[in-house]
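Residue numbers (our numbering): 25 to 515.
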Ligand code: NAP
Ligand code: MG
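In structure tokens form, the structure reads like this:
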């Protein structure tokens, strides 16, 4: 009886009692009605004469009209970047560093505005845009500003030279942060850039173009062309590009690799993932449960390195499952502009349909679906936090990247079995290991084929730490000295 009462009290505490009043963010997002292309240091109308709407997944409201760059526009962007390259690459590193510091500080000055714009355009909770995306983007510019005048230490005894014009294509899950990951190292080394943001999330890149203008960066050093896949393909194929840096899906990554074969262009690919989060019976279970929640529900699970496959030791499966379900009850799904929201809007209708299709496939293959009762907003794209149990390694939901707030649970008995199951995937981007034993962590981590392995934590990022994949998760690293070297030629 006493246990039952205790259980009810806990459920009340974590489930029902914690209801906050809405706390919507009110800072203005500063979004223009229309954005041209940013070429040669100014916003210009597209030669294609085409525009498209950018909507908010929060409520499907139109936010702005964005230029759709055609081939002639991409040509103009590359021409501007090529013209800017000689002077920019010859600038002393300390001078380039000053521009990067300026960009970082300008972003900090307008951090609130950028966070609101990111949340409106992409659907992520304002708490994450404000506390993670924007400060982390600024940190990448600060970090690489620091490298700009110390390049001789990045490659001691060698000369590290800029490659030329770099074409960069980024996805919609961390729009501003992916821009920072791409621009900062390229610029620090003296490259000039043509960047294409994702169609559904171009706004913060275009707002960043305002900062580039305000920072007085020489015209043409950074050019931003907006559009969908075809614009991306034109950026990738352009003969002026010395290197292509792509973050996105594995299927597009494979196409790019085929397209670039034999051209001599450098290539880095940051692609999909299906990260294993491994919990041993000796782990601190409550801490692990928080890590599992953060690992899969951060940014609605639109995270390439999400811990979407939970591997839990058989002896603790029941307790972990029970605690997870309880914790999921206290997650708030809804308006991303509300500071109390944990899970915001799914980035697009298309992505919502993909998540729904995969979860349905899981159900028809026999998975048990657990979703806490939650009221979702009527407009916009929302998906409740979802847990799938009773699945095996051959289920589609275990094999394929869902890129949504959906976690599959599998079990294992021994460390060897955990490693075998964790590596049983086409991807190799991230993994997590939860255990009380440092030696066990090291033994397991060293056998995992993943670019990042977190120990008793998950989804931790730092500009100094290289990030990237194995196998179908791509190749090349971003961040740290390793990421910097990807943008230079050693002579
Ligand atoms: P996506 O469809 O591959 O799109 C990525 C970018 O490529 C977008 O800007 C897209 O434009 C553009 N694009 C589409 N087709 C293209 C083509 N043929 N040539 C050149 N560019 C093209 O991927 P997504 O669905 O937006 O993003 C989710 C994927 O990114 C997931 O698989 C995720 O794991 C991966 N991701 C990986 C990392 C990492 O660091 N490893 C980080 C974040 C995301 P439009 O969107 O405008 O069509
Ligand atoms: Mg949008």
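All residues carry an ideal CB built from backbone N, CA and C; glycine is no exception. Computed from a predicted structure; not experimentally measured.
(request) Return yes when at least one heavy atom of the ligand NAP lies under 7 Å from the C-beta of residue 273, else no. (result) Yes, the beta carbon of residue 273 sits closer than 7 Å to at least one heavy atom of the ligand NAP.
(request) Assign residue 343 to buried or exposed, taking buried as 16 or more other Cβ atoms, counted over all protein chains shown, within 10 Å of its Cβ. (result) exposed
(request) Helix, strand or coil for residue 145, going by three-state DSSP, please let me know. (result) helix
(request) Measure the C-alpha to C-alpha separation of residue 473 and residue 400 and round it to an integer number of angstroms. (result) Going by the C-alpha atoms only, they are around 38 Å apart.
(message) Tell me the rounded alpha-carbon separation between residue 355 and residue 99.
(response) 47 Å
(message) Taking 6 Å as the limit between beta carbons, can you name the residues of its chain near residue 352, skipping five residues before and five after?
(response) 396, 409
(request) Report the rounded CA-to-CA distance for residue 393 versus residue 438, giving the unit in angstroms. (result) 26 Å
(message) Residues in the same chain with beta-carbon distance under 7 Å from residue 82, minus the five sequence neighbours each way, listed in chain order, please.
(response) Counting only Cβ-Cβ distances below 7 Å, and skipping sequence neighbours, we find 144, 147, 359, 360, 361, 369, 404.
(request) Could you spell out the range, first to last residue, of the alpha helix (DSSP H) harbouring residue 320? (result) Per DSSP, residue 320 belongs to the alpha helix (DSSP H) from 309-321.
(request) Would you check if the segment 331-340 and the segment 364-381 touch, i.e. whether three or more CB-CB distances between them fall below 8 Å? (result) no
(message) To test your reading of the DSSP string, which unbroken alpha helix (DSSP H) runs of 4 or more residues are found completely within the segment 397-474?
(response) 420-423, 439-447, 462-469
(message) Taking the beta strand (DSSP E) that residue 192 belongs to, which residues open and close that run?
(response) Its beta strand (DSSP E) spans residues 189-193.
(message) I want to check one thing, is the minimum distance from the CB of residue 195 to the heavy atoms of the ligand NAP below 7 Å?
(response) yes
(message) For residue 70, which residues in the same chain have their Cβ closer than 8 Å to its Cβ, ignoring the five residues on either side in sequence?
(response) Taken in chain order, the residues that qualify are 60, 61, 91, 92, 93, 94, 97.
(request) Taking 8 Å as the cut-off, decide whether the C-beta atoms of residue 363 and residue 332 are in contact. (result) no
(message) When you compare the CB positions of residue 195 and residue 255, do they come within less than 8 Å of one another, or not?
(response) no
(message) For the ligand NAP, is there any heavy atom lying closer than 7 Å to the beta carbon of residue 497?
(response) Within 7 Å of the C-beta of residue 497 there is at least one heavy atom belonging to the ligand NAP.
(message) Count Cβ pairs between the segment 471-487 and the segment 445-453 that sit closer than 8 Å; are there 3 or more?
(response) yes
(request) Look at residue 295 and residue 496 and say whether their C-beta atoms are less than 8 Å apart. (result) yes
(message) Assuming contact is defined by CB atoms lying nearer than 8 Å, are residue 88 and residue 63 in contact in what I supplied?
(response) The answer is no: Cβ separation not under 8 Å.
(request) Using beta-carbon positions only, say whether residue 357 and residue 398 come within less than 8 Å of one another. (result) yes
(request) Could you check how far apart the C-beta atoms of residue 289 and residue 267 are, in whole angstroms? I think they sit under 8 Å. (result) 6 Å
(request) Pull up the distance between the alpha-carbon of residue 321 and that of residue 428, whole angstroms please. (result) 8 Å
(message) Please state the DSSP three-state secondary structure of residue 91.
(response) strand
(request) Decide if the segment 175-193 is in contact with the segment 233-246; the criterion is three or more beta carbon pairs, one per stretch, under 8 Å apart. (result) When C-beta atoms of the segment 175-193 are compared with those of the segment 233-246, fewer than three pairs fall below 8 Å, so the two segments do not count as touching.
(request) Could you say which of 238, 441, 416 lies nearest to residue 431 if we only look at CA atoms? (result) Closest by alpha carbon: 416.
(message) Within the continuous beta strand (DSSP E) that includes residue 229, where are the two ends?
(response) Going by DSSP, residue 229 is part of no beta strand (DSSP E) but of the alpha helix (DSSP H) stretching over 227-238.
(request) Report yes or no: do the segment 196-213 and the segment 165-172 share at least 3 C-beta pairs separated by less than 8 Å? (result) yes
(message) To the nearest angstrom, how far is the alpha carbon of residue 117 from that of residue 483?
(response) 32 Å
(request) On the DSSP bridge assignment, give the partners of residue 269 in chain order. (result) 192, 292
(message) Closer than 7 Å to a non-hydrogen atom of the ligand NAP - does that hold for the CB of residue 389?
(response) no
(request) Quick one: residues in its chain with C-beta nearer than 6 Å to the C-beta of residue 213, no 5 flanking neighbours on either side, listed in chain order? (result) 186, 511, 512
(request) Inspect the beta-carbon positions of residue 264 and residue 220 and report whether they are closer than 8 Å. (result) no
(message) For residue 375, report the span of its alpha helix (DSSP H) as first-last.
(response) 373-388
(request) Per DSSP, which residues does residue 218 bridge with? Please list them. (result) 191, 247
(request) Answer yes or no: the CB of residue 191 versus the heavy atoms of the ligand NAP, is any distance below 7 Å? (result) no
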